[in-house]
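K.L.:
Would you mind keeping the following structure in view while I ask a few things?
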Amino acid sequence: MKAAKLYSFTDIRIEDIPVPEIGPRDALLKTKACGICSGDVMPWYIEKKAPVVIGHEPAGEIVAIGKEVTTVKSGDRVFTHHHAPCFTCRFCRRGDYVQCEIWRKTNIIPGGISEYILIPHINLENDTLTLPGSLSYEDGTLIEPTACVVKALKRVSIMRGDTVLVIGLGIMGQLNILLARKYAAGKIIAADMVPFRLKKAKESGADEVIDISKSNLIETLKDLTSGEMADIVIVGPNSIDAMKQGIESAGRGGKVLFFTPAKPDEQLTINPNELYFKDINIITSYSCGPTDTADALELIEQGIVKAENLVTHRFPIEKTAEAFRLTAEARDSLKSVIVFE
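Below, the structure written as structure tokens:
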């Protein structure tokens, strides 16, 4: 089978490798589509895993199951998460699945951008979801990224009427807008410097957009909120500068969500009293767990998130490197998907 293996950010090869052999509790997925995650195009993040078969947003058809498998059958259309928790450790008991040691050690084999994927039994049992007939495989590729947003908005406890600022309007920024609107945000303000993405933000439900290549973010936000600033600030870019702007954008009692990690060599310096006396909380949100993927599937079934509105580019596996370059450029694209025959 063909698989896309990354050796460095500028060296992605399509290689012929053996189809994985499943065990008695595993399943084999014939991949139909796999999204490219914006996190995968952070060179420092992905290259530390190299060489690696890239991609972790697959959807496809079950074509073989082990003799002990009862949760799926051949012919089922499914999404599978690349990590799955044990459900029994102290982190899982608190619902903090991404801190589970099993969650961190699990994976799909060899990776998402491959013609076939072995789904290990724990992934199969603890975070594999059947796709309803009404949804496409491309819809299925959006379950994991949508689930990351579901988890993030749970962590910031978004409330009806909140003023939400979303900084960075790639696919994750658009999903944050869509879900903030679903969760009854009062006003959604979106900021970026790419006209294509600013336009898409309005289509996704943003009330106002700020082109930060032309306007000062903080001053414009003050004008748009009569000086109150934002109740929730979602910082998308993996940038210390963006994080600092996010903190400055929060109003009294506000929350700042770091949706993406910073680069490894960056340090964030803050004035703790600025946070303390304004009661501003900094919150992080890393990946997602099974409860989040289940909620995400429900939102996609409801039509809140639609592949037809968010997938802007489709590529065959042979053009994976081109799809990665397009995603990394962060310009006139949102979601790129590798499509399999």
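Numbering (the numbering used here), first residue to last: 113 to 453. Backbone N, C-alpha and C define an ideal beta-carbon position, used for all residues, glycine too.
Do you know offhand how far Gly280's Cα is from Ile126's?
P.N.:
Looking up residue 280 in the sequence shown gives position 168. Looking up residue 126 in the sequence shown gives position 14. Each residue's Cα considered, the two are about 31 Å apart.
K.L.:
Just to confirm, are Asp323 and Pro232 a CB contact at a threshold of 8 Å?
P.N.:
As a first step, residue 323 must be located in the sequence shown, where it is residue number 211. As a first step, residue 232 must be located in the sequence shown, where it is residue number 120. For Asp323 and Pro232, no; Cβs fall outside 8 Å.
K.L.:
Beta carbon of Ile129, beta carbon of Gly167: below 8 Å?
P.N.:
Sequence index remark: in the sequence shown, residue 129 carries index 17 (1-based). Sequence index remark: in the sequence shown, residue 167 carries index 55 (1-based). No.
K.L.:
Measuring alpha carbon to alpha carbon, tell me which residue in Asn385, Ser397, Leu387, Asp353 is nearest Gln379.
P.N.:
To locate residue 379, count along the sequence shown from 1; it is residue 267. Comparing Cα-Cα distances from Gln379 to each of Asn385, Ser397, Leu387, Asp353, the minimum goes to Asp353.
K.L.:
Residues bridged to Thr85 by DSSP?
P.N.:
Absent from the model: residue 85. The displayed extent of the chain is 113 to 453, so no value can be given.
K.L.:
Between which two residues does the alpha helix (DSSP H) carrying Ile352 extend?
P.N.:
Locating residue 352 in the sequence shown gives position 240, counting from the first residue. Per DSSP, Ile352 belongs to the alpha helix (DSSP H) from 352-361.
K.L.:
Quick one, which of Glu237, Leu118, Asp188, Glu250 has its alpha-carbon nearest Cys146's?
P.N.:
Within the sequence shown, numbered from 1, the residue matching residue 146 stands at position 34. That would be Glu250, whose Cα lies nearest to the Cα of Cys146.
K.L.:
Considering Lys294, what are the terminal residues of the beta strand (DSSP E) in which it resides?
P.N.:
On the sequence shown, position 182 is the one that residue 294 refers to. First-last for Lys294: 283-294, but that is the alpha helix (DSSP H), not the beta strand (DSSP E).
K.L.:
If contacts are defined as beta-carbon pairs under 8 Å, then Ala259 and Cys400 qualify, I think. What distance do you get, rounded to the angstrom?
P.N.:
Within the sequence shown, numbered from 1, the residue matching residue 259 stands at position 147. Within the sequence shown, numbered from 1, the residue matching residue 400 stands at position 288. In this structure Ala259 is in contact with Cys400, their Cβ atoms being roughly 4 Å apart against a cut-off of 8 Å.
K.L.:
Does the Cβ-Cβ distance between Ile300 and Val262 come in under 8 Å?
P.N.:
Along the sequence shown, read from residue 1 onward, the residue named residue 300 stands at position 188. Along the sequence shown, read from residue 1 onward, the residue named residue 262 stands at position 150. Taking 8 Å as the Cβ cut-off, Ile300 and Val262 do not qualify as a contacting pair.
K.L.:
Among Gly339, Tyr398, Lys356, which has the Cα closest to the Cα of Asn383?
P.N.:
Taking the sequence shown and counting its residues from 1, the one referred to as residue 383 is at position 271. For the residues Gly339, Tyr398, Lys356, the minimum Cα distance to Asn383 belongs to Lys356.
K.L.:
Count the other CB atoms, across all protein chains shown, that sit within 10 Å of the CB of Asp407; report buried if there are 16 or more and exposed otherwise.
P.N.:
Taking the first residue of the sequence shown as position 1, residue 407 is located at position 295. Per the 10 Å Cβ criterion, buried.
K.L.:
Rounded to whole angstroms, what's the CA-CA distance from Phe389 to Glu213? Just pull it up for me.
P.N.:
If you number the sequence shown from 1, residue 389 lands on position 277. If you number the sequence shown from 1, residue 213 lands on position 101. Cα to Cα, the separation comes out at about 37 Å.
K.L.:
Taking only beta-carbon atoms, is Lys144 less than 8 Å away from chain D?
P.N.:
This model lacks chain D altogether, as it is built from one protein chain only.
K.L.:
Check the C-beta distance from Leu422 over to Lys447 and give it rounded, since I have them as a contact under 8 Å.
P.N.:
Position 310 of the sequence shown, counted from the start, is the residue given in the question as residue 422. Position 335 of the sequence shown, counted from the start, is the residue given in the question as residue 447. About 5 Å separates the two Cβ atoms, so the contact holds.
K.L.:
How is the beta strand (DSSP E) around Ala303 delimited, first residue to last?
P.N.:
Translated into the one-based positions of the sequence shown, residue 303 becomes position 191. Counting along the chain, the beta strand (DSSP E) containing Ala303 begins and ends at 299-304.
K.L.:
Where DSSP assigns a beta bridge to Asp128, which residues make up the other side?
P.N.:
Taking the first residue of the sequence shown as position 1, residue 128 is located at position 16. Lys114, per the DSSP bridge assignment.
K.L.:
In terms of residues, what are the limits of the beta strand (DSSP E) holding Phe427?
P.N.:
On the sequence shown, residue 427 is found 315 positions in, with the first residue counted as 1. Taken as a continuous stretch (DSSP letters only), the beta strand (DSSP E) holding Phe427 covers 423-427.
K.L.:
Using the DSSP secondary-structure output, state which residues sit across from Asp323 in a beta bridge.
P.N.:
For the purposes of this step, residue 323 is taken as residue 211 along the sequence shown, with counting starting at 1. Answer is Asp304.
K.L.:
List the residues that DSSP assigns as beta-bridge partners of Asp123.
P.N.:
Counted from its first residue, the sequence shown places residue 123 at position 11. In DSSP, Asp123 forms a bridge with Ser120.
K.L.:
Is the segment 228-247 close to the segment 190-210, with three or more CB pairs under 8 Å?
P.N.:
yes
K.L.:
May I ask you to report which of helix, strand or coil DSSP gives Tyr398?
P.N.:
Within the sequence shown, the letter at position 286 stands for residue 398. Tyr398: coil per DSSP, three-state reduction.
K.L.:
Could you give the residue range of the beta strand (DSSP E) that holds Thr275?
P.N.:
To locate residue 275, count along the sequence shown from 1; it is residue 163. Residues 275-279.
K.L.:
For Ser248, is the classification buried or exposed, using 16 other Cβ atoms within 10 angstroms of its Cβ as the cut-off for buried?
P.N.:
For the purposes of this step, residue 248 is identified with residue 136 of the sequence shown, where counting begins at 1. So Ser248 counts as buried.
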